[in-house]
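In the UniProt record's numbering, the protein residues as written are 1 to 410.
The structure under discussion appears below in the form of structure tokens.
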């Protein structure tokens, strides 16, 4: 063994530093090559030893500590240079159990940030629950769910002088100290203190433990001001916004009611018959109805025929064609009927003829006082009674009461 350790100087000044979040081991070394490294061994009072190697002069051993509630630890460090290895240097004994009588280094937890809130003459003390904050640290690893925080809340009085006098009272006497519990199901721990008189400054201190791990004393935490504060600005703003919303709602309701009243008063000015067209039978709306029109609607143009050009046969043929296209059945006044059939279109009877002057005579007897006007055209004017009767009884599909036939001579 001496030959193995002869040429490698051992480390020295091995120290352990611990806080709420972990444990770090540091040491010093000299006379080593650049290729040298260090071997660490963590030895608990109960449990298995753990070994790691590093080239640095410090190492965080938090992940190697599995059960810290009631255990004690020591760290041994040796230097290695190739196959050469130095002697081990040991650290002090350290533990998270503050009740251990053989401890050299005790690792504690710290109280989280404390908030003081005045309310109704009391001072509310509020802070995050350490059971949640430190659950994954070496101190509270493998923590059972039924574990709890035991802590003391103590007040300090400030009489206004330059020197602060700390007075701790038992809770059975003046209720100046309170022993409290905080459980894992709560995200925050909260308590309150009453002060017998008005002070310039209200101060409190806290200390506690989780299992056998100490939560280090914290404070004093002080608050200056009255314990009967008014509502915060945020509350005032919220109330103001609510009041504005209520006012706006009421104003809108008033405007709507006013419009309804104005509409009702406006209706009273008009007679009842004009208020609602559906509530009275005196108003009858016109409903236009379409007149029946033949699907094969056609309008025949006026035809001017010269008697000097047409012969008797051509004149009869022209009248027959015109009568056939129009499907006209017209009863002329006087004594004769012009009648065309849809088939042969023949003129029956001698109802049409020429008068003495060569004009067409509607009577067929050549009477000058017949149906020809002074210009030689067929006279279409009938008596009003007969005209109405003819129009009402007409079956013309084109919508006209007589064919458009104009016979003119030069």
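Beta carbons: idealized from backbone N, C-alpha and C, even for Gly.
* Asked: Taking buried to mean at least 16 other C-beta atoms within 10 Å of its own C-beta, is residue 137 buried or exposed?
  -> buried
* Asked: Of all the options 28, 39, 111, 84, which has the alpha carbon lying nearest to the alpha carbon of residue 20?
  -> 111
* Asked: Rounded to whole angstroms, how far is the Cβ of residue 79 from the Cβ of residue 32, which I believe are closer than 8 Å?
  -> 6 Å
* Who does residue 208 pair with in a DSSP beta bridge? -> 151, 215
* To do: Give the straight-line distance between the Cα atoms of residue 62 and residue 16, rounded to the nearest whole angstrom.
  => 11 Å
* To do: Report the residue from 36, 254, 57 whose alpha carbon sits nearest the alpha carbon of residue 84.
  => 36
* Do you know offhand how far residue 29's Cα is from residue 46's? -> 30 Å
* Asked: Thinking C-alpha only, which one of 124, 107, 186 is nearest residue 114?
  -> 124
* Asked: Quick one: complete beta strand (DSSP E) runs, 3+ long, within the stretch 68 to 93?
  -> 72 to 81
* Asked: My guess is that residue 221 and residue 187 are in contact by the Cβ rule of under 8 Å, so how many angstroms apart are they, rounded?
  -> Not confirmed; about 20 Å, so no contact.
* Rounded to whole angstroms, how far is the Cβ of residue 146 from the Cβ of residue 181, which I believe are closer than 8 Å? -> Rounded, the Cβ-Cβ distance is 12 Å, inconsistent with contact.
* Bridge partner(s) assigned by DSSP for residue 58 -> 26
* Closest by C-alpha distance to residue 81, when choosing among 196, 264, 54, 156 -> 54
* Do residue 107 and residue 69 come within 8 Å of each other at the CB atom, strictly closer than that value? -> no
* Spatial distance of residue 238 from residue 247 (CA atoms) -> 14 Å
* Taking DSSP as the reference, what is the three-state secondary structure of residue 247? -> helix
* Whose C-beta lies closer than 6 Å to the C-beta of residue 194 among residues of the same chain, with five residues either side of it excluded? -> 122
* Can you tell which of 290, 109, 200 has the C-alpha that lies nearest to the C-alpha of residue 211? -> 109
* Asked: What are the boundary residues of the alpha helix (DSSP H) that includes residue 131?
  -> 130 to 133
* Compute the beta-carbon to beta-carbon distance between residue 93 and residue 102, rounded to the nearest angstrom, for a pair I have assumed lies under 8 Å. => 6 Å
* From residue 261 to residue 245, what does the alpha carbon distance come to, in whole angstroms? -> 25 Å
* To do: Whole angstroms is fine: what's the gap from residue 119's alpha carbon to residue 198's?
  => 14 Å
* Asked: Looking only at C-alpha atoms, which of 76, 203, 67 sits nearest to residue 39?
  -> 76
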